[in-house]
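First up is the structure itself, then whatever we jot down about it.
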Amino acid sequence: MTEEIQKKSPLKRFMPLIIFGLLVALLWYGLGLNPRLVPSPLVGKAVPEFELPLLNASGKLSHEDLKGSITLLNVFASWCYACRQEHQAITQLSRKGFRVIGFNYKDKAADATAWLRQFGNPYQVVAQDLDGRVGIDWGVYGAPETFVIDHNGIIRDKRIGPVDQEYISEKLMPLVQQIRSEQT
Amino acid sequence: MRVIVLLVMALLLTPPVVAAPVATYEFDSEEQEALFNKLSNELRCLVCQNQSIADSNAELATDLRDEIYGMLQQGNSEEEIVEFMVARYGDFVLYNPPMKPMTWLLWFGPAFALLAGFFFVVRIISRQKKAAVAEMSGEEIERLKALQSEAQAMIKMEGNRDK
Numbered sequence: 145m146t147e148e149i150q151k152k153s154p155l156k157r158f159m160p161l162i163i164f165g166l167l168v169a170l171l172w173y174g175l176g177l178n179p180r181l182v183p184s185p186l187v188g189k190a191v192p193e194f195e196l197p198l199l200n201a202s203g204k205l206s207h208e209d210l211k212g213s214i215t216l217l218n219v220f221a222s223w224c225y226a227c228r229q230e231h232q233a234i235t236q237l238s239r240k241g242f243r244v245i246g247f248n249y250k251d252k253a254a255d256a257t258a259w260l261r262q263f264g265n266p267y268q269v270v271a272q273d274l275d276g277r278v279g280i281d282w283g284v285y286g287a288p289e290t291f292v293i294d295h296n297g298i299i300r301d302k303r304i305g306p307v308d309q310e311y312i313s314e315k316l317m318p319l320v321q322q323i324r325s326e327q328t
Numbered sequence: 002m003r004v005i006v007l008l009v010m011a012l013l014l015t016p017p018v019v020a021a022p023v024a025t026y027e028f029d030s031e032e033q034e035a036l037f038n039k040l041s042n043e044l045r046c047l048v049c050q051n052q053s054i055a056d057s058n059a060e061l062a063t064d065l066r067d068e069i070y071g072m073l074q075q076g077n078s079e080e081e082i083v084e085f086m087v088a089r090y091g092d093f094v095l096y097n098p099p100m101k102p103m104t105w106l107l108w109f110g111p112a113f114a115l116l117a118g119f120f121f122v123v124r125i126i127s128r129q130k131k132a133a134v135a136e137m138s139g140e141e142i143e144r145l146k147a148l149q150s151e152a153q154a155m156i157k158m159e160g161n162r163d164k
């Protein structure tokens, strides 16, 4: 029996260990994935049709209004803690000249107004989705979420969770450049 | 000790607490209600991801239950409702993933792994058997055969005596 073992090539002898190592690597990688990042089937598609009333302004916001320039549609709510975290980044993008539109998700008008007064209002307009019905059409399942919409009204990216500097520099800016190069 | 075992067994027998949200829906027919229950149990809640829309108390799950109910009332079919959800939230909402090239590994992987394991086990066993036979000398094989025929003869004798 000992001869048998010695006859085997080293590769064959270590095969179980190699397979085990690969399995560990695969499972380790799987552990690092974030199950909350559900890829949106809406990316690459036109924005869903909708019409919502505006917060503290007359008029409405519809899918037609989202065309024309690169737009960031930021889903936020006063009850959402992570929205406070990203608010600075959103404000910064607004100052840089992005058209940032607020999508007030399942909130109360008074709460949202107070929230914006406290933290500042970076939004061009704020659409009110009080019951979350339009949110379903957008595939929204929490706040914050941010949609990047190009000049043709096509959703180009969806950020789930707070917008941070890493997202801005590594994903948003290259995407914006790409959209601009398509435009010309 | 016995008492503890019994207690543990009793614990295992208790039904899991089902905190199903209070359903206040009224259905036109029993089929519609059955379909509603089927759909809300098959669709995953995206907020608390290991619960179905039926199980979850998240607000989104309530909204989606309302949506399913509304769509059923309007006469939408099961396929239409599933399509509606997938169009918005992706295949992720389905607890039962669709069969397509991307999910082949998911569908066939376990069966493949089982077959591969079975194949290796059979191979290893047959190899060991061969090795065992090969290790015996001619003399040993002769002795084994002699012992076998002796044993058979004994079994026969036993059988005859009983009759």
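Protein chains in written order, with our numbering: chain V, 145 to 328; chain S, 2 to 164.
Positions of the beta carbon are idealized from the N, C-alpha and C atoms, including for glycine.
Which residues, in order along the region 57-91 of chain S, keep a beta-carbon less than 8 angstroms from a beta-carbon of chain V?
60, 61, 64, 65, 68, 87, 88, 89, 90, 91
Considering residue 109 (chain S), what are the terminal residues of the beta strand (DSSP E) in which it resides?
Here residue 109 (chain S) is taken as the residue at index 108 of the second sequence, counted from 1. No beta strand (DSSP E) holds residue 109 (chain S); the alpha helix (DSSP H) holding it covers 105-136.
Pair every Cβ in the region 262-276 of chain V with every Cβ in the region 234-249 of chain V, then say whether three or more of these pairs are closer than 8 angstroms.
yes
Between the region 300-316 of chain V and the region 225-236 of chain V, can you find at least three pairs of beta-carbon atoms closer than 8 angstroms?
Yes, the region 225-236 of chain V is in contact with the region 300-316 of chain V.
What is the residue span of the beta strand (DSSP E) that residue 271 (chain V) lies within?
As a position in the first sequence, residue 271 (chain V) is number 127, starting the count at 1. Residue 271 (chain V) -> beta strand (DSSP E) spans 270-273.
Using a beta-carbon distance below 8 angstroms, is residue 182 (chain V) in contact with chain S?
The sequence position of residue 182 (chain V) within the first sequence is 38, counting from 1. Chain S, which has a Cβ nearer than 8 angstroms to the Cβ of residue 182 (chain V), makes this yes.
Run through the region 41-111 of chain S for me and flag every whole alpha helix (DSSP H) of 4 or more residues, listed as ranges in chain order.
60-74, 79-90
Taking only beta-carbon atoms, is residue 47 (chain S) less than 8 angstroms away from chain V?
Looking up residue 47 (chain S) in the second sequence gives position 46. Residue 47 (chain S) belongs to the set of residues whose beta carbon lies under 8 angstroms from a beta carbon in chain V.
If the cut is a Cβ gap below 8 angstroms, which residues of chain S does residue 283 (chain V) touch?
Looking up residue 283 (chain V) in the first sequence gives position 139. Correct list: 89, 90, 91.
Check whether the Cβ of residue 185 (chain V) lies closer than 8 angstroms to any Cβ atom in chain S.
Counting from one through the first sequence, the residue named residue 185 (chain V) turns up at place 41. Yes, contact with chain S.
Chain-ordered neighbours of residue 50 (chain S) on chain V, where CB pairs are closer than 9 angstroms
Indexing the second sequence from 1 puts residue 50 (chain S) at position 49. Ordered by position in chain V, the residues that pass the 9 angstroms Cβ test against residue 50 (chain S) are 179, 180, 182.
I need the DSSP call for residue 303 (chain V), collapsed to helix, strand or coil.
Counting from one through the first sequence, the residue named residue 303 (chain V) turns up at place 159. Three-state DSSP puts residue 303 (chain V) in a strand.
Neighbour flag for residue 252 (chain V) against chain S, beta carbons, 8 angstroms:
For the purposes of this step, residue 252 (chain V) is taken as residue 108 along the first sequence, with counting starting at 1. No, no contact with chain S.
For the putative contact between residue 285 (chain V) and residue 47 (chain S), defined by C-beta atoms under 8 angstroms, what is the C-beta separation to the nearest angstrom?
By 1-based counting over the first sequence, the position of residue 285 (chain V) is 141. By 1-based counting over the second sequence, the position of residue 47 (chain S) is 46. Residue 285 (chain V) to residue 47 (chain S), Cβ: 4 angstroms. Contact.
Inter-residue spacing [alpha-carbon to alpha-carbon] between residue 315 (chain V) and residue 301 (chain V):
The residue labelled residue 315 (chain V) in the question sits at position 171 within the first sequence. The residue labelled residue 301 (chain V) in the question sits at position 157 within the first sequence. Going from the Cα of residue 315 (chain V) to the Cα of residue 301 (chain V) covers about 9 angstroms.
Report the option in S:7, S:137, S:50, S:127 whose CA atom is closest to the CA atom of residue 95 (chain S).
Your numbering for residue 95 (chain S) matches position 94 in the second sequence. Checking every option, the nearest Cα to that of residue 95 (chain S) belongs to S:50.
Taking 8 angstroms as the cut-off, decide whether the C-beta atoms of residue 299 (chain V) and residue 186 (chain V) are in contact.
Your numbering for residue 299 (chain V) matches position 155 in the first sequence. Your numbering for residue 186 (chain V) matches position 42 in the first sequence. It is a contact, given that the beta carbons lie within the stated cut-off.
Does DSSP classify residue 147 (chain S) as helix, strand or coil?
By 1-based counting over the second sequence, the position of residue 147 (chain S) is 146. Residue 147 (chain S) falls in the helix class under three-state DSSP.
Based on DSSP bridge pairs, tell me the residues matched to residue 249 (chain V).
Here the question's residue 249 (chain V) lines up with position 105 in the first sequence. DSSP lists V:273 as partners of residue 249 (chain V).
Range covered by the beta strand (DSSP E) that runs through residue 25 (chain S):
Stepping through the second sequence from its first residue, residue 25 (chain S) is reached at position 24. Element bounds for residue 25 (chain S): n/a, residue is neither H nor E.
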